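Its first residue numbered 1, the sequence shown is counted upward by one per residue in UniProt numbering. Note that the Cβ used here is the ideal one computed from N, Cα and C, for glycine as well. Bear in mind the structure is a predicted one, so any value in this text is a computation, not a measurement.
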Amino acid sequence: MDSITSSIIAIALILAFSFAGGNLLSYLNQGFSVKSFRFKGFISKIPIPPLLGMILGGIIAGNLLHREISLLDPAWALQIRNISIAVILLKAGLGLDVQKLKASSGGILRLSIVPQAFEALIIALLSFLIFDLSWSFGFAMGFMIAAVSPAVLIPCLSELIRDGYGLGSGIPSILMAANSLDNVIAIALFGVLINIGLGGSGDSLIFGSNNTAYYASIGPLIAVGGIIAGIILGIFFFLLTKLNDWVKGIIIALVSYGLVYAASYLNISGLGYLGVVISSTFAAVKWGKDSTAKVARVITLIWKVFQYALFGLVGTTFYFPQLSGDTVGECCAIIIIGSFVRIVTAYYSVSWSKLANKEKAFVGIAWLPKATIQAALGGVLLAKAESDDKYDKYKEDGLIILTGSVFSILLTAPIGSILLTLFGPKLLQKSVNESKTNKEAFSPLQGSKAIQKIAPKPKGRRLSDDLSEDLEYARYYMSSEDMVRSDIESMRRNSL
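The following block contains the structure:
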């Protein structure tokens with residue numbers, strides 16, 4: 001059997017097990033009926049993300065069918081990750097609300113940067129001391145693990161918004177905006193740091209020697225190159241304005257993947273990551289919210305297909321005979337310490353606002369869950385080492401980073417989802433819309449008290465307008481558009 005056939009069979013098996021695992025968890029969450037028997041779902045009140053089921057399905061496939069799965073060409077696995085990264089970056093760029101960032105006067109910026117920076121620093125330091133990772137790979141691992149997962153956060157916030165929690169303080173709006181920026185920063189820095197780690201040993205296709213000039217120039221050059229590439233692609237995307245939204249979505253997805261692929265091939269992946277985010281954000285501003293929302297739905301549909309391949313692929317790398325108990329335990333300890341630091345710094349990062357202490361505690365909890373970014377980036381270094389012999393010496397480092405990424409998902413995604421669901425109603429104030437005045441006061445976006453302290457609410461807006469705008473973030477990331485649509489309609493009916 002040739003390599004192509006073997007890879008196709010391996011991908012088919014991964015998709016089958018991942019699809020089964022993800023949908024099984026969805027059934028357990030939502031419940032189902034078989035003739036006269038009704039299963040209500042024993043975890044229906046706690047929205048455990050289906051991606052955990054996809055990963056578990058991949059773990060089962062990787063261990064039961066290891067021989068078949070191991071025949072997957074590493075280059076194919078790398079491209080699955082590149083496509084997934086491109087789609088995730090597009091979702092983040094299209095969902096980034098520039099106006100809200102401007103209105104926050106740096107508040108959202110602090111929440112996006114400070115907790116992430118402290119967690120990344122702690123993880124980098126510990127990984128250097130425990131695993132002897134280079135500083136570049138250590139910080140790459142740190143920023144990768146530090147990213148908050150929209151796949152976990154947004155569904156939980158959507159449920160709380162629907163039930164009326166946190167609307168008066170505007171916390172859902174703050175978290176949604178900060179989450180997009182948090183992901184963008186983490187992915188861009190991860191790309192730059194991996195480039196430094198690889199190129200610093202003389203393996204870069206552009207910078208060939210291990211010297212001081214390399215380290216001094218690579219970061220700024222990648223940043224400038226990413227900005228230039230983003231502006232050029234942004235102008236190109238703007239020229240697509242009059243095209244059908246489906247056509248626009250497909251074109252920007254293909255072009256973005258092309259940029260990520262080319263940058264990865266040249267070992268300047270950070271440039272590609274930054275370019276995709278800047279171009280998609282530029283396009284979103286020029287296209288307007290209605291058109292951007294339609295294009296984002298196209299990107300979401302693409303993501304629905306590739307998420308099974310990505311999370312299933314992550315699970316298959318979890319092969320028990322190859323796991324070191326010491327490495328697993330040390331990775332878990334690093335993740336727990338880093339998460340604790342992140343929760344504390346997130347709490348103090350919102351001290352700029354007049355949120356109550358309970359609400360600040362909720363912000364800290366909300367900044368805990370990890371999943372999407374870790375699944376997309378965790379195996380990048382290992383895949384690169386396996387697909388190219390000249391990077392073979394980085395396999396051990398890549399396996400450590402991958403182990404950290406997998407366990408960060410398994411530890412924080414379910415715990416974060418459970419904590420948000422259980423403590424959200426206890427830490428956030430529930431809004432009761434008894435009159436038109438109260439309804440306007442409890443807008444979760446422009447009308448929120450937290451946002452009003454930074455920027456006054458524009459006149460002439462209704463609560464239903466604000467709710468629709470706020471829930472658009474959920475529409476980008478939720479795995480079930482029907483759930484988002486029902487949430488929006490329910491909130492709109494209650495607000496009119």
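- Judged by DSSP secondary structure, residue 349 falls within the alpha helix (DSSP H) whose first and last residues are 325-349.
- Judged by DSSP in its simplified three-state form, residue 370 adopts coil rather than helix or strand.
- The three-state secondary structure of residue 319, taken from DSSP, is coil.
- For residue 403, the enclosing alpha helix (DSSP H) begins and ends at 395-427.
- With 16 or more other Cβ atoms from the protein chains shown falling within 10 Å of its own Cβ, residue 179 counts as buried.
- Rounded to the nearest whole angstrom, the C-alpha separation of residue 284 and residue 2 is 44 Å.
- Judged by DSSP secondary structure, residue 264 falls within the alpha helix (DSSP H) whose first and last residues are 245-265.
- Taking C-beta atoms under 8 Å as the contact rule, residue 108 and residue 177 qualify, at a distance of about 5 Å.
- When 426, 305, 389, 406 are compared, the shortest CA-CA separation from residue 74 is found for 389.
- The Cβ atoms of residue 94 and residue 188 do not sit closer than 8 Å to each other.
- Under the 8 Å Cβ criterion, the region 159-173 does not count as touching the region 52-66, having fewer than three qualifying pairs.
- About 4 Å separates the beta carbons of residue 383 and residue 78, which is inside the 8 Å limit, making them a contact pair.
- Annotation for residue 60: 17, 21, 315 place their beta carbon closer than 8 Å to its own, counting only its chain and skipping 5 residues before and after.
- For residue 354, the secondary structure class from DSSP, reduced to helix, strand or coil, is coil.
- Residue 115 sits close to residue 342, with the two beta carbons spaced by under 8 Å.
- Under the three-state reduction of DSSP, residue 390 is assigned to helix.
- The Cβ atoms of residue 355 and residue 419 lie no closer than 8 Å to each other.
- Straight through space, the alpha carbons of residue 76 and residue 324 are spaced by roughly 26 Å.
- When DSSP states are grouped into helix, strand and coil, residue 286 belongs to the helix group.
- If the five residues before and after residue 152 are omitted, its C-beta is found closer than 7 Å to the C-beta atoms of 49, 369, 371, 413, 416, 417, all from its own chain and listed in chain order.
- Take residue 261, set aside five residues on each side of it, and the residues of its chain with a beta-carbon closer than 6 Å to its own are 82, in chain order.
- Judged by DSSP in its simplified three-state form, residue 360 adopts helix.
- Taking residue 411 as the centre and dropping the five residues before and after it, the same chain places the C-beta of 332, 335 closer than 7 Å to its C-beta, in chain order.
- Note on geometry: alpha-carbon atoms of residue 359 and residue 427 lie some 6 Å from one another.
- CA-CA distance, residue 282 to residue 292, rounds to 11 Å.
- Of the candidates 111, 304, 121, 148, the residue whose Cα lies closest to the Cα of residue 140 is 121.
- Per DSSP, the beta bridge partners of residue 430 are 165.
- When Cβ pairs closer than 8 Å are counted between the two stretches, the region 127-146 is seen to touch the region 396-403, the count reaching three or more.
- Around residue 248, the same chain offers 240, 295 as residues with beta carbons nearer than 6 Å, after the five sequence neighbours per side are excluded.
- Taking all protein chains shown into account, residue 300 has 16 or more neighbouring C-beta atoms within 10 Å of its C-beta and is therefore buried.
- Excluding five sequence positions before and after residue 143, the CB atoms of its chain that fall closer than 6 Å to its own CB belong to 120, 186, 189, 190, given in chain order.
- In the DSSP assignment, residue 50 falls outside any alpha helix (DSSP H), carrying neither H nor E.
- Taking the Cα of residue 252 as reference, the smallest distance to any Cα among 69, 298, 290, 224 is reached at 298.
- For the pair residue 406 and residue 318, the CB atoms are nearer than the 8 Å cut-off.
- The C-beta distance from residue 11 to residue 58 rounds to 12 Å, too long to fall under 8 Å, and the pair is not in contact.
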